[in-house]
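These notes are about the structure you will find just below.
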Amino acid sequence: MQEAMNQANVLVQALPYMQRYSGKCFVVKYGGAAMIDERLKAQVMQDIVLLRTVGIKPVLVHGGGKEVSEVMQRMGLQPRFTGGLRVTDAETMEIVEMVLAGTTNKGIVSLIHRAGGKAVGLSGKDGNLLVAKKLTPDGQDIGYVGEVVRVNPEVITVLSESGYIPVISSVAIGEDGQSYNVNADHAAGAIAAALKAEKLIVLTDVPGVLANLKDPASLISEMSIAEAEELLRNGKAESGMAPKLEACITALRGGVQRAHIIDGRQPHAILIEVFTDRGVGTMVKP
Numbered sequence: 001m002q003e004a005m006n007q008a009n010v011l012v013q014a015l016p017y018m019q020r021y022s023g024k025c026f027v028v029k030y031g032g033a034a035m036i037d038e039r040l041k042a043q044v045m046q047d048i049v050l051l052r053t054v055g056i057k058p059v060l061v062h063g064g065g066k067e068v069s070e071v072m073q074r075m076g077l078q079p080r081f082t083g084g085l086r087v088t089d090a091e092t093m094e095i096v097e098m099v100l101a102g103t104t105n106k107g108i109v110s111l112i113h114r115a116g117g118k119a120v121g122l123s124g125k126d127g128n129l130l131v132a133k134k135l136t137p138d139g140q141d142i143g144y145v146g147e148v149v150r151v152n153p154e155v156i157t158v159l160s161e162s163g164y165i166p167v168i169s170s171v172a173i174g175e176d177g178q179s180y181n182v183n184a185d186h187a188a189g190a191i192a193a194a195l196k197a198e199k200l201i202v203l204t205d206v207p208g209v210l211a212n213l214k215d216p217a218s219l220i221s222e223m224s225i226a227e228a229e230e231l232l233r234n235g236k237a238e239s240g241m242a243p244k245l246e247a248c249i250t251a252l253r254g255g256v257q258r259a260h261i262i263d264g265r266q267p268h269a270i271l272i273e274v275f276t277d278r279g280v281g282t283m284v285k286p
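Given below as structure tokens:
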């Protein structure tokens, strides 16, 4: 009986949040360990389906760098990076598109269906959803790597309004029809801004933004856009966290209410962040 009471209390605590967010759009950037560990993958999909079931409209954006590198190595190709960006020649771009828009995307869609939801897989090329231009950091030509310059969110809106969960891979299209490999964090931030989402939630492999990178207990639970920009300016955000903070800033500047960077290694981290008083990770606000 006590267990049943505890479960009832959990639902009662979640009720105000469910009422507040019903009908709102949440963009979730899916990546890190939560994309690799089978148990965590299942739990993330359960969280996403539960959001949809209580009236929230989740949109899932994913990358898949680890999977791309594994396929390249199996094909005898050595992945190359510069400044954290994958050098993407024509052959690599073909693999990126095959893995992200194919195997990885369809695998996520299948997991959502298995959890009882309805999902549709999209590439950023579908409906010109993500339009990009070539990125040349410090004047370097690193191939078909792009940055998002425009989002056409109509296809997402149509799917969400019809009860589907859009699952979007971070492959974009250029004005010339060329495919581009874009950073999935940046893509998620741009999509959240275009949708005027209520929240952007970024899953990562650390507790959140840390004041001291070597001390997990130094978690910054809440910060403003100005504080996030200061971290980036001072170079205090480690390389993997920088694009996540940039995505949060893009989203908030575009009208998103709150952005969250949370530890995807924690079971049901999304539900804890959204539906409890405690929350997890770092919340960034305007």
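The sequence shown runs 1 to 286 under this note's numbering. Ideal Cβ positions, reconstructed from N, Cα and C, are used throughout, including at glycine.
On the DSSP letters alone, give me the boundaries of the alpha helix (DSSP H) that residue i sits inside.
i    : result
G189 : A184 to L195
V54  : Unbroken run through V54: none, as it is neither H nor E.
A211 : Careful: A211 lies outside any alpha helix (DSSP H) and carries neither H nor E.
S221 : Per DSSP, S221 belongs to no alpha helix (DSSP H) and is neither H nor E.
T103 : That residue, T103, is in no alpha helix (DSSP H); it is neither H nor E in DSSP.
V158 : E154 to E161
G65  : G65 to R74
V171 : That residue, V171, is in no alpha helix (DSSP H); its beta strand (DSSP E) goes V171 to G174.
Are the Cβ atoms of residue i and residue j separated by less than 8 Å?
i    : j    : result
L122 : G64  : no
V167 : I108 : yes
L159 : V131 : no
I225 : L195 : no
R265 : M283 : no
Relative to the C-alpha of residue i, which residue among the options is closest?
i    : options                   : result
G83  : G240, K285 and T276       : G240
R114 : L50, I270, N9 and L231    : L50
S169 : V96, L210, D47 and V87    : V96
I201 : N9, H62, G55 and N152     : H62
T204 : R20, N152, V87 and A34    : A34
V87  : M75, M45, E67 and D141    : D141
L213 : A242, A193 and C25        : A242
Y164 : V10, V12 and C25          : C25
V256 : L232, E238 and A193       : A193
V68  : R265, N105, K125 and K285 : N105
F275 : A4, A90, R39 and D47      : D47
K285 : C248, P267 and R233       : C248
Along the chain, where does the beta strand (DSSP E) that runs through residue i open and close?
i    : result
R253 : No beta strand (DSSP E) contains R253, which is instead part of the alpha helix (DSSP H) from A242 to R253.
T276 : Careful: T276 lies outside any beta strand (DSSP E) and carries neither H nor E.
M283 : T282 to K285
R150 : V145 to V151
A132 : L130 to K134
In the DSSP output, what is residue i paired with across the bridge?
i    : result
D263 : T204
P166 : V120
L85  : T82
Y30  : H62
N181 : V145 and V171
Output needed for residue i: all residues of its chain with C-beta closer than 7 Å, excluding positions within five of it in sequence on either side, in chain order.
i    : result
A190 : V148, V151 and T250
G23  : G55
R20  : none
K133 : G146, E147, V149 and G174
A237 : L231 and L245
A184 : K29, G31, V61, H62, G63 and S170
Q178 : Y144
Just to confirm my understanding: we take residue i, look at its own chain, exclude 5 residues before and 5 after, and list those with CB closer than 8 Å. What are they?
i    : result
E154 : G127
In chain order, what residues of the same chain lie with their CB nearer than 6 Å to the CB of residue i, ignoring the 5 residues before and after it?
i    : result
V145 : L85, T88, L135 and N181
V71  : I95 and V99
P207 : P216, L219 and D263
K57  : C25 and S160
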